[in-house]
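**Q** Using full-length UniProt numbering, the letters of the sequence shown correspond one by one to residues 1 to 332. Even for Gly, the Cβ is constructed at its ideal location relative to N, Cα and C. In this text, all values refer to a predicted model and were calculated from it rather than measured experimentally.
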Amino acid sequence: MNDRPEWTQLTDLASRRFGGTVMWASDELFAEKENLVNPWRPRHQPETFGPKGQLYDGWETRRHREPGDDQAILRLGLPGAVTGVVVDTAFFKGNYPPFVTVEALAAEGYPSVAELSGMDWDVLVDHEPVAGDAENFFTVGSRKRYTHTRLTMHPDGGVARLRVHGDVIPDPRLLDPGALDLAALENGAVCTGCSDMFYSSPANMLAPGLAANQAEGWETARRRDGGNDWAVIRLAGAGRVRFAEFDTSNLRGNAPGWVTLSGSADGHTWFELLPRTRLQPDTRHRFAVPEPREAAHVRLDIHPDGGMARLRLFGALTDQGLADLVSRFEES
Numbered sequence: 001m002n003d004r005p006e007w008t009q010l011t012d013l014a015s016r017r018f019g020g021t022v023m024w025a026s027d028e029l030f031a032e033k034e035n036l037v038n039p040w041r042p043r044h045q046p047e048t049f050g051p052k053g054q055l056y057d058g059w060e061t062r063r064h065r066e067p068g069d070d071q072a073i074l075r076l077g078l079p080g081a082v083t084g085v086v087v088d089t090a091f092f093k094g095n096y097p098p099f100v101t102v103e104a105l106a107a108e109g110y111p112s113v114a115e116l117s118g119m120d121w122d123v124l125v126d127h128e129p130v131a132g133d134a135e136n137f138f139t140v141g142s143r144k145r146y147t148h149t150r151l152t153m154h155p156d157g158g159v160a161r162l163r164v165h166g167d168v169i170p171d172p173r174l175l176d177p178g179a180l181d182l183a184a185l186e187n188g189a190v191c192t193g194c195s196d197m198f199y200s201s202p203a204n205m206l207a208p209g210l211a212a213n214q215a216e217g218w219e220t221a222r223r224r225d226g227g228n229d230w231a232v233i234r235l236a237g238a239g240r241v242r243f244a245e246f247d248t249s250n251l252r253g254n255a256p257g258w259v260t261l262s263g264s265a266d267g268h269t270w271f272e273l274l275p276r277t278r279l280q281p282d283t284r285h286r287f288a289v290p291e292p293r294e295a296a297h298v299r300l301d302i303h304p305d306g307g308m309a310r311l312r313l314f315g316a317l318t319d320q321g322l323a324d325l326v327s328r329f330e331e332s
């Protein structure tokens, strides 16, 4: 039974997969700060010692002998509103911090650590107790847009991962509304539903960059019922899709045979964007949409099943789509 909060299905804004980085830490004698944003689950090999002790897939500081706390500052890979935070102390059993604080702020441009340290931070998690060797869940529910987070361990110890789950809010000033990927996670698109995610989530299709392996895309179980699999994407904003890119890279024996693409203004009534089109394994395909119609949602149907590394939908926002995107940014 999965008792993880539902918000853990939202994007991890801090993940290294999306460009998150740990800019600074007060100490990292035992284990490197960069591990905090690793996208994979923490790993551990007991009795594996280096010059400074047991090797950990996490961030670990020395034992304090004087008053003070340890801190790390992270720049989010994708700015957005934070719904919840996970402080994962996996494999830290006798050396985890008894309490943590998590703060966040929104900064313009690319400030240095010194500049960030002098800014005002909002408290998301206020000196809360944590358990060792466990995922510690903290619901935040903020609608403010943040670009950086700061983790404080009271007073010291080890944390394997800091997950910052929420909704991406792009800066419209940095987008070209006439030519952008309407299905890009970094532009605010999100997967709202799918038929199957047995091997991996369809949200992976919207991630930036190329998929390094099969696990970084979407892959379904094998169908035996004569049907087909599908995923629905809410676009970054209402727009007109002019080109569709279906990337089956790394999928050699499990790529779909065909795809169809549909659009919708409301997510309920659908019209055809691209008819049933044949695909090849391990290939990036790009097709022109015959009749670019206004849509706020797109449905990808793969026939009959299989995987998709990336989905790109290039086009233009409508005036209303741009207005909605700007409004969301300004209200956050």
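1. Return the first residue and the last residue of the alpha helix (DSSP H) that Q320 is part of.
2. Restricting to Cα atoms, I'd like to know which of R145, R150, G58, V100 is closest to E128.
3. Quick one: is A114 buried, meaning 16 or more other Cβ sit within 10 Å of its Cβ, or exposed?
4. Cα-Cα, which of D266, L10, D196, L175 is closest to G315?
5. Does the ligand ATP have a heavy atom nearer than 7 Å to the CB of T101?
6. DSSP three-state call for E128: helix, strand or coil?
7. For the region 252-267 and the region 300-307, state whether three or more C-beta atom pairs, one from each stretch, are separated by less than 8 Å.
8. Quick check: what's the CA-CA separation for E216 versus G209?
9. Can we say the region 198-214 touches the region 270-283, given the rule of at least three CB pairs closer than 8 Å?
10. So S264 is in the beta strand (DSSP E); what residue range does that whole segment cover?
11. I'd like the span of the alpha helix (DSSP H) that includes L116, first residue to last.
12. With burial defined as no fewer than 16 other Cβ atoms inside 10 Å of the residue's Cβ, what is the status of G237: buried or exposed?
13. Which residue spans inside the UniProt domain "Allantoicase" (19-168) form an unbroken beta strand (DSSP E) run of at least 3?
14. L322 to P177, Cα distance in whole Å?
15. Where L10 and N136 are concerned, what is the direct C-alpha to C-alpha distance, given to the nearest angstrom?
16. Rounded to whole angstroms, what's the CA-CA distance from S298 to V22? Just pull it up for me.
17. What does the alpha-carbon distance come out to for the pair R310 and P202?
18. From the DSSP output, in three-state form, read off T8 for me.
19. For A189, count the other beta carbons within 10 Å of its own beta carbon; 16 or more makes it buried, fewer makes it exposed. Which is it?
20. Pull up the distance between the alpha-carbon of A288 and that of R242, whole angstroms please.
21. Secondary structure at L174, three-state DSSP: helix, strand or coil?
22. In three-state terms, what does DSSP make of P202?
23. Mind checking which residues open and close the beta strand (DSSP E) that includes E186?
24. With 16 as the cutoff for other CB atoms within 10 Å, does R278 come out buried or exposed?
25. List the DSSP bridge partners of T220.
26. Just reading off the beta strand (DSSP E) that A288 is part of, what are its end residues?
27. Indicate whether at least one CB of chain B lies closer than 8 Å to the CB of V159.
28. Quick one: what does DSSP say R293 is sitting in, helix, strand or coil?
**A** By the coordinates alone:
1. Taken as a continuous stretch (DSSP letters only), the alpha helix (DSSP H) holding Q320 covers 319-331.
2. The candidate whose alpha carbon is nearest that of E128 is V100.
3. By the neighbour-count rule (16 or more Cβ atoms within 10 Å), A114 is not buried but exposed.
4. Proximity to G315 across D266, L10, D196, L175 peaks at L175, based on C-alpha coordinates.
5. Summarising the ligand content, the structure contains no ligands, and the ligand ATP is consequently not present.
6. Strand.
7. By the C-beta criterion, the region 252-267 is judged to be in contact with the region 300-307, since at least 3 inter-stretch pairs fall below 8 Å.
8. If I take the Cα positions, the gap works out to 10 Å.
9. With contact defined as three or more Cβ pairs closer than 8 Å, the region 198-214 and the region 270-283 are not in contact.
10. Unbroken beta strand (DSSP E) run through S264: 258-264.
11. From DSSP, the alpha helix (DSSP H) with L116 extends over 113-117.
12. Under the 10 Å beta carbon count, G237 is surrounded by 16 or more other beta carbons and is classified as buried.
13. Residue ranges of uninterrupted beta strand (DSSP E) with 3 or more members, entirely inside the UniProt domain "Allantoicase" (19-168) and ordered along the chain, are 21-25, 70-88, 99-105, 122-129, 135-139, 145-154, 161-168.
14. Using only the alpha carbons, I get a separation of about 7 Å.
15. Roughly 16 Å between the two C-alpha positions.
16. This sequence places Val at residue 298; Ser is not what is there. Rounded to the nearest angstrom, the two C-alpha atoms are 35 Å apart.
17. In a straight line, the C-alpha of R310 is about 9 Å away from that of P202.
18. Look at T8 here: in three-state DSSP terms it is helix.
19. A189 comes out buried.
20. Roughly 6 Å separates the two Cα atoms.
21. It is helical.
22. In this structure, P202 counts as helix in the three-state DSSP scheme.
23. Here E186 belongs to no beta strand (DSSP E), and DSSP marks it neither H nor E.
24. R278 comes out exposed.
25. DSSP lists no bridge partner for T220.
26. That run of the beta strand (DSSP E) goes 284-288.
27. No chain B appears in the structure shown, which is made up of a single protein chain.
28. Judged by DSSP in its simplified three-state form, R293 adopts coil rather than helix or strand.
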